[in-house]
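Following: one structure in structure tokens, then a few remarks.
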Amino acid sequence: MQLERENKQKLGDEMFELKWLWQNLEGNRTRYIVAMVLSVVGSSLMIINPYIGQRIVDTFIASDDAVQNLTQERGLLIMLCLGMIGFSLLRTGLAYFTTMQYERASQNMLYDVRVYLYNKIQGQDMEYYDHNRTGDLMTKMTGDLDMVRHSMSWIIKTIIESLTIFVAAVIYFFTIDAVLTLWLLVLSPPIFIVANIFAKRVRPMYIDLRERLSQLNTTTQENISGNRVVKAFAREEFEIEKFTDKNVNYSQANKKAALVWLDYFPYLETAAQAFNVILMLAGGYFVMNGRITFGEFSAFSALIWAVSNPVRNIGIIINDIQRFFASLSKIVEIYYAKPNIANEHNATKMRRYEGRIEFDNVSFKYDGKEVLHDISFTIEPGETIAIMGSTGSGKTSLVNLISRFYDVASGQVLVDGVDVRKLELDELRGNIGVATQDVLLFSDTIDGNIAFGDPELPEEQTIEYAQLAAAHSFITKMPEGYDTIVGERGVGLSGGQKQRIALARALAVQRPILILDDTTSAVDLETEEHIQKSLRELHFDCTKIIIAQRVSTTAEADRILILDNGRLIEEGTHAELLAKRGYYYDVFMLQNEGIGRQVSAHGQK
Ligand code: UTP
Ligand code: MG
0 MQLERENKQK LGDEMFELKW LWQNLEGNRT RYIVAMVLSV VGSSLMIINP YIGQRIVDTF
60 IASDDAVQNL TQERGLLIML CLGMIGFSLL RTGLAYFTTM QYERASQNML YDVRVYLYNK
120 IQGQDMEYYD HNRTGDLMTK MTGDLDMVRH SMSWIIKTII ESLTIFVAAV IYFFTIDAVL
180 TLWLLVLSPP IFIVANIFAK RVRPMYIDLR ERLSQLNTTT QENISGNRVV KAFAREEFEI
240 EKFTDKNVNY SQANKKAALV WLDYFPYLET AAQAFNVILM LAGGYFVMNG RITFGEFSAF
300 SALIWAVSNP VRNIGIIIND IQRFFASLSK IVEIYYAKPN IANEHNATKM RRYEGRIEFD
360 NVSFKYDGKE VLHDISFTIE PGETIAIMGS TGSGKTSLVN LISRFYDVAS GQVLVDGVDV
420 RKLELDELRG NIGVATQDVL LFSDTIDGNI AFGDPELPEE QTIEYAQLAA AHSFITKMPE
480 GYDTIVGERG VGLSGGQKQR IALARALAVQ RPILILDDTT SAVDLETEEH IQKSLRELHF
540 DCTKIIIAQR VSTTAEADRI LILDNGRLIE EGTHAELLAK RGYYYDVFML QNEGIGRQVS
600 AHGQK
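If you count the sequence shown from 1, position 25 lands on 24 in numbering that gives the first Met the number 0, and the numbers rise without skipping.
Set out below in structure tokens:
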């Protein structure tokens, strides 16, 4: 925990992030170091050809004995020329191999980190998902990760190579003529200052840019997945506008960052050119007074780009580095996000619970807002409990505590007499079958969806559970039966059909605790009757908690709990609660009145 806190404080600290990167390079470190060393070697070789050039000029072109040398030392000339070609070949071959090592190391790392992050995100608790937007997580998993990879393979390579050539050229220059070299280096301090100011200005812009991209992605993602709602409300125009807004926003931020570079570009470009001017003036003067040879001058001239190019590229490099850190800190953030409710995935042998559930003075909060107040009740193994209450009264929140999707604020939830916080999470959840209120089916076959909790489920059993959930008959009428693929979020199925598949999925795992959150709200009364019968006759022992609004569903439960505004206001059997003439009685009367009216209306026909 202490370590966690320390790590959190360090987020945003660049050294810490780089250290993180280094740690994650494990397994590819040697390859990466080899790549860096090869970069250094490869770029040092760059000075060999100018050196050969210098020899050729001094011996065969600008020498007083040039003509004599040409005839007498033809062998040397050929050797030097072949050397030039040979070194070029060697250098390019080396560059090929080096780039490959960078790519391999960074791709491997990207792969490992992606797997880790994906597992990390999967392992997060509900609270994390309440607070993190899907679009944002997607940006981190794709764009940010790739930015980091790009930096490791391309930017670091560019920096190392530029620096090496720069240093090699400067050393070589010093061996030729120290004074001329110092004249050239006069330009370095101002360039450094300008680049530094630029980096400081552009950094926050890239952090901002990164944030806007994530907003753009979030808007896009929400619009695509919520497209039906948008259409239903004929709000396409509005949504397009909203998207355009974010798009413009992002584009403007991009332009702004690019324009900053333009502010500095003239200075840096002038500085880069100034190297040539100084070389011409000082170098020319030194050649004339015989301080350096013409060949040496040509070596300077052939290598001056090694000094001026890094200056030209410094803007691009700084931009990339800033983007790299903006992305890296986002990834490190996921990496160290620790769920409050962590699943250790300990491979212990699963116990099958009895299914006894107890709430002991439980209160619960979402972000500090208390939605369940001091709730106590007990459910014995095998009992069927119905929970009823107006919308927003806390029913879903209450059952979420049993699976430990969230933790209580005070009190405790006990399963088989043990506080759920002390139970192994995999085991706890592995003992509960849930059909959530918000049904989500995967883009898979119906068969695959029903067998989601137990991929080994034999086909006959899939059918059996579909029958129990009153889903078999509509499934067999579908074009491919159980092999029909239901799209993202179960497109192509009615609400009641989706609910029944979700019910079959919850039943198929045969857990000792079954939680059904409003699972039959969208099915007709006749189908519901069938489902209730199935639930009564389940072939495995099971404690059932059924959230429902219909008295027809709750009537047969062993006990009914009534929630109101996060409080447990009534508890008892159907008959007891009717006798009490409270909330339940009112609901009963209201619903029966309705049925009474329907019946009399039919009667009149
Ligand atoms: P519930 O979601 O537990 O209510 O929210 P419910 O009884 O199941 O409602 P229905 O019948 O499905 O509609 C209880 C309270 O908790 C708040 C809600 O605003 C509500 O007041 N809540 C719920 C949150 O603050 N955050 C959430 O993520 C969910
Ligand atoms: Mg609910």
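Note that beta-carbon positions come from the ideal geometry of N, C-alpha and C, so glycine has one too. Given the structure is predicted, the values throughout are model-derived calculations rather than measurements.
Contacts around residue i, its chain only, beta-carbon distance under 6 Å, and the 5 residues preceding and following it disregarded
i: Ile-313; result: Ala-194
i: Leu-513; result: Gly-432, Cys-541, Lys-543
i: Met-0; result: Because Met-0 sits at a pLDDT of 39, beneath the cut-off of 50, its placement in the model cannot be relied upon, and the point is left open.
i: Asp-373; result: Asn-360, Ser-362
i: Asp-415; result: Tyr-352, Glu-353, Arg-355
i: Asn-107; result: Asn-27
i: Leu-589; result: none
i: Ile-190; result: Ala-270, Val-310
i: Ala-450; result: Leu-456, Thr-461
i: Thr-395; result: Gln-436, Asp-516
Residue i (DSSP reduced to helix, strand or coil)
i: His-372; result: strand
i: Ala-385; result: strand
i: Glu-592; result: helix
i: Phe-242; result: helix
i: Gly-571; result: strand
i: Glu-357; result: strand
i: Phe-404; result: coil
i: Tyr-584; result: helix
i: Phe-363; result: strand
i: Val-259; result: helix
i: Leu-576; result: helix
i: Val-185; result: coil
i: Arg-132; result: coil
i: Asp-437; result: coil
i: Arg-566; result: strand
i: Gln-411; result: strand
i: Thr-542; result: strand
i: Asp-111; result: helix
i: Thr-292; result: coil
i: Thr-219; result: helix
Presumed contact (8 Å Cβ cut-off) between residue i and residue j, rounded CB distance
i: Met-204; j: Lys-255; result: 6 Å
i: Asn-27; j: Val-112; result: Not really, about 11 Å apart at Cβ, beyond 8 Å.
i: Ala-503; j: Ala-470; result: 5 Å
i: Gly-289; j: Arg-54; result: 19 Å between Cβ atoms; not a contact.
i: Phe-172; j: Phe-299; result: 7 Å
i: Asn-222; j: Phe-242; result: 7 Å
i: Ile-561; j: Ile-568; result: 5 Å
i: Val-370; j: Gly-565; result: 5 Å
Burial state of residue i, where buried means 16 or more other Cβ atoms lie within 10 Å
i: Met-78; result: exposed
i: Pro-338; result: exposed
i: Glu-3; result: Here the model assigns Glu-3 a pLDDT of 48, short of 50, so the residue's position is not dependable, and the following value carries that caveat. Exposed, by the Cβ-count rule.
i: Ser-472; result: exposed
i: Ser-375; result: exposed
i: Leu-424; result: buried
i: Ser-161; result: buried
i: Asn-591; result: exposed
i: Asp-482; result: exposed
i: Lys-156; result: buried
i: Arg-622; result: Here the chain comprises residues numbered 0 to 604, so residue 622 is not present and cannot be evaluated.
i: Asn-399; result: buried
i: Ile-32; result: exposed
i: Gln-597; result: For Gln-597, the predicted model reports a pLDDT of 48, less than 50, meaning its position is unreliable; a value from the coordinates is still stated below. Looking at its Cβ environment, which holds fewer than 16 other Cβ atoms inside 10 Å, Gln-597 is exposed.
i: Ser-392; result: buried
i: Thr-475; result: exposed
i: Thr-180; result: buried
i: Arg-322; result: buried
i: Arg-499; result: buried
i: Ala-600; result: The predicted position of Ala-600 is uncertain, since its pLDDT is 44 and thus under 50; no value can be drawn from it.
Residue i at chain B interface by Cβ criterion, 7 Å
i: Ala-194; result: Absent from the structure is chain B; it holds one protein chain and no more.
Cutoff 8 Å; reference residue i; Cβ partners in own chain excluding five residues on either side
i: Lys-604; result: Any reading at Lys-604 must be qualified, since the residue scores a pLDDT of 36, below 50, and its modelled position is unreliable; the value itself is stated next. Nothing listed; no residue qualifies.
i: Ser-493; result: Ala-521
i: Glu-13; result: Phe-324
i: Ala-167; result: Ser-42, Ser-43, Met-45, Ile-46, Ala-305
i: Ala-336; result: Lys-119, Gln-123, Tyr-127
Neighbourhood of residue i by C-beta, 7 Å cutoff - its chain only, sequence neighbours within 5 removed
i: Met-83; result: Asn-48, Ile-51
i: Glu-527; result: Thr-519, Ser-551, Thr-552
i: Leu-208; result: Ala-252, Asn-253, Ala-256
i: Phe-285; result: Asp-176, Leu-179, Ile-291
Discussion item. My parser needs the alpha helix (DSSP H) runs of 4 or more residues fully inside the stretch 24-109; what are they?
Written reply: 28-43, 47-55, 65-71
Item to complete: List in chain order: all unbroken alpha helix (DSSP H) runs of 4+ residues lying wholly within the stretch 139-174.
Response: 144-149
Fill in: Residue ranges of each alpha helix (DSSP H) within the stretch 441-529, 4 or longer
445-449, 458-467, 471-475, 494-507
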